[in-house]
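According to our numbering, the sequence shown is numbered sequentially starting from 449.
Ideal Cβ positions, reconstructed from N, Cα and C, are used throughout, including at glycine.
Note that the coordinates shown come from a computational prediction; the quantities given were computed from them, not determined experimentally.
Worksheet: one structure, shown below.
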Amino acid sequence: LAAVAQLTDRAPVMRLLPWPEWMAENPADYGPLAAEVAVEAGQRQLLPALRSLLEDNAGPELIRAMGELGDRESIPTLLALLEDRDSHYRPVVLESLGRIGGPRVRRALRQVAEEDGEVTSRIAYKALSLCATEEDDGFFRDAVGHPDWYVRLACAEVLGRFQRPKNLAALVQLAADPASIVAQRALALLEPEGEPR
Numbered sequence: 449l450a451a452v453a454q455l456t457d458r459a460p461v462m463r464l465l466p467w468p469e470w471m472a473e474n475p476a477d478y479g480p481l482a483a484e485v486a487v488e489a490g491q492r493q494l495l496p497a498l499r500s501l502l503e504d505n506a507g508p509e510l511i512r513a514m515g516e517l518g519d520r521e522s523i524p525t526l527l528a529l530l531e532d533r534d535s536h537y538r539p540v541v542l543e544s545l546g547r548i549g550g551p552r553v554r555r556a557l558r559q560v561a562e563e564d565g566e567v568t569s570r571i572a573y574k575a576l577s578l579c580a581t582e583e584d585d586g587f588f589r590d591a592v593g594h595p596d597w598y599v600r601l602a603c604a605e606v607l608g609r610f611q612r613p614k615n616l617a618a619l620v621q622l623a624a625d626p627a628s629i630v631a632q633r634a635l636a637l638l639e640p641e642g643e644p645r
């Protein structure tokens with residue numbers, strides 16, 4: 449395994465290795481390594497085998513690979529993993545879903561952001577900010593007064609991406625935020641493009 453791991457930057461060599469067979473023989477060892485190879489070497493042909501492994505042996509490497517590769521076919525499995533509120537994989541599932549996006553994912557992320565505990569909620573806001581569309585800007589405008597600075601930072605990112613009058617007014621409010629990182633980001637997003645920052 450160590451020798452194979454050292455070859456991850458050699459994409460042509462990685463393509464020649466029998467990953468599906470190895471994962472079938474020893475999923476605990478080869479699954480995480482194959483996930484890393486798929487991401488690092490762009491081995492999208494491994495996705496069907498990784499998806500199959502994800503259903504039975506979910507682990508952080510596999511979950512993260514689905515997000516990094518933007519695998520829409522893994523959304524049902526990731527959403528099922530998200531439903532397990534006791535899972536310690538929820539943060540990485542949220543992050544991966546945010547990287548994949550789509551209407552179904554955005555609905556699920558909004559629900560988690562609104563209903564879950566503080567830590568999970570903040571991760572859901574950040575994940576949603578990665579895939580947010582103009583349809584989500586009202587959700588983020590409503591959260592500019594959120595007590596968590598990390599959530600307000602996610603709000604600034606989304607509202608700055610979709611600059612229209614209501615969003616600009618919310619950005620002005622965030623520019624006066626007590627958390628300097630939020631205020632600085634909002635100010636930077638309010639500056640006209642091409643102006644020195």
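Give the DSSP-derived three-state secondary structure of residue i in the structure shown.
i, result
"Gln491", "coil"
"Val592", "coil"
"Gly586", "helix"
"Glu563", "helix"
"Ala572", "helix"
"Pro626", "coil"
"Leu465", "coil"
"Arg612", "coil"
"Glu605", "helix"
"Ala618", "helix"
"Ala636", "helix"
"Ala451", "Low local confidence applies: a pLDDT of 47 at Ala451 is under 50, so the model's placement there is unreliable, with the coordinate-based value given in what follows. DSSP places Ala451 in helix when its eight states are reduced to three."
"Ala631", "helix"
"Val599", "helix"
To the nearest angstrom, report how far apart residue i and residue j are at their CA atoms.
i, j, result
"Asp519", "Leu619", "33 Å"
"Ala636", "Val540", "29 Å"
"Val553", "Leu465", "34 Å"
"Thr481", "Ile548", "The amino acid occupying residue 481 in the given sequence is Leu; Thr does not appear at that position. Their backbone Cα atoms lie some 21 Å apart in a straight line."
"Lys574", "Asp584", "13 Å"
"Ile629", "Glu521", "36 Å"
"Glu563", "Arg609", "25 Å"
"Ile511", "Ala604", "27 Å"
"Glu543", "Pro640", "30 Å"
"Glu484", "Ser577", "25 Å"
"Val487", "Arg499", "14 Å"
"Ala627", "Tyr598", "9 Å"
"Leu527", "Gly546", "11 Å"
"Asn505", "Pro475", "8 Å"
"Ala556", "Glu531", "10 Å"
"Pro468", "Ala497", "6 Å"
Hey, which unbroken runs of the beta strand (DSSP E) at 3 residues or more fall wholly within the stretch 473-560? none
I'd like to know if the stretch 588-604 and the stretch 557-570 are in contact, where contact means that at least 3 CB-CB pairs between them fall below 8 Å. yes
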